[in-house]
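>
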Amino acid sequence: MKENKVTFLTQAALIAAVYVVLCIAFAPISYGEVQVRVAEALAILPFFTPAAIPGLFIGCFLSNMIGGSVLVDMVFGSLATLLGAAGSWYLRRSRILVLLPPIIANTLIVPFVLRYGYGVPLPFPFLMLTVGIGEVIAVGVLGTVLLNVLVRYRHIFPAAGIQR
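Start counting the sequence shown at 139; every next residue gets the next number (my numbering).
1. State the CB to CB distance for the pair Ala218 and Ile191, rounded to an integer number of angstroms; the pair is presumed to be in contact (CB under 8 Å).
2. Helix, strand or coil for Gly170? Go by DSSP, reduced to three states.
3. Mind checking Pro166: buried by the 16 CB within 10 Å criterion, or exposed?
4. Exposed or buried, Gly299, counting other C-beta atoms within 10 Å across all chains shown (16 or more means buried)?
5. What would DSSP say about Ser207, mapped onto helix, strand or coil?
6. Counting only the same chain and skipping the five closest in sequence on each side, list residues whose C-beta sits under 7 Å from that of Leu237.
7. Around the C-beta of Ser232, are 16 or more other C-beta atoms found within 10 angstroms, so that it is buried, or is it exposed?
8. Hey, out of Phe186, Leu229, Gly257, whose CA is closest to Gln149's CA?
9. Taking the Cβ atom as the reference point for each residue, do Asn169 and Gly222 lie within a distance shorter than 9 Å?
10. Looking at C-alpha atoms only, which residue of Phe199, Ser226, Gly225, Ala224 is the closest neighbour of Val213?
11. Output needed for Arg302: all residues of its chain with C-beta closer than 7 Å, excluding positions within five of it in sequence on either side, in chain order.
12. Comparing alpha-carbon positions, which option in Arg230, Val208, Asn244 lies nearest Leu220?
13. Taking its Cβ as the centre, do 16 or more other Cβ atoms sit within 10 Å of Ile153, making it buried, or is it exposed?
14. Straight-line CA distance for Glu171 to Pro188?
15. Flag this pair as yes or no: are the beta carbons of Gln173 and Val287 separated by less than 9 Å?
16. In chain order, what residues of the same chain lie with their CB nearer than 7 Å to the CB of Pro249, ignoring the 5 residues before and after it?
17. Can you give the beta carbon distance from Cys161 to Ser207, rounded, assuming they're within the 8 Å contact cut?
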């Protein structure tokens with residue numbers, strides 16, 4: 139039982155660290171009104187392990203903190219990632235459905251963060267469109283590629299919890 143806890147914590151920490159590194163490496167497109175946060179491709183990881191839920195949340199929170207985000211963004215942007223990750227875990231039986239919760243959560247929550255956290259004066263529908271496009275690119279396209287690669291090579295990482 140103790141080994142399972144260690145594995146869970148290790149996976150969560152690694153996912154958080156990779157999320158932060160990807161945000162920093164792609165900083166010019168990871169932050170701002172119009173963004174494609176490459177790290178959001180990791181939002182498919184709940185398909186493989188529940189450790190991705192806290193890992194993505196902590197990674198997003200730390201990335202926002204390091205990236206100089208306002209408190210509203212650190213809290214509510216991270217909560218959007220948490221909701222998306224939890225939703226993906228519940229829909230993990232489908233490779234298609236696992237993509238939807240992060241896209242939907244961020245598309246609905248982040249525009250409010252942009253308006254009330256950063257004072258962006260653009261209309262909510264436009265903000266939802268721009269955030270949604272960024273999420274579709276990050277999660278829908280890059281996440282799908284990552285998902286298919288991990289499923290294809292799952293036999294290489296049996297200890298990583300990749301069992302599907």
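Virtual Cβ for every residue (Gly too), placed ideally from N, Cα, C.
It should be emphasised that the depicted structure is a prediction, and the values quoted were computed from it without experimental measurement.
Reading it off the structure:
1. Contact flag wrong, Cβ pair sits at about 13 Å.
2. coil
3. exposed
4. Reliability of the predicted coordinates at Gly299 is poor, the pLDDT of 49 falling under 50, and no value is obtained from them.
5. coil
6. Ile182, Val277, Gly278, Gly281, Thr282
7. exposed
8. Phe186
9. Checking the sequence shown, residue 169 turns out to be Tyr, not Asn. No.
10. Phe199
11. Unreliable placement is indicated for Arg302, whose pLDDT of 46 sits below 50; the coordinate value is still reported in the next sentence. Correct list, in chain order: Phe185, Phe186, Val289, Arg292.
12. Asn244
13. buried
14. 30 Å
15. no
16. Phe262, Leu265, Met266, Val269
17. About 10 Å; that fails the 8 Å criterion.
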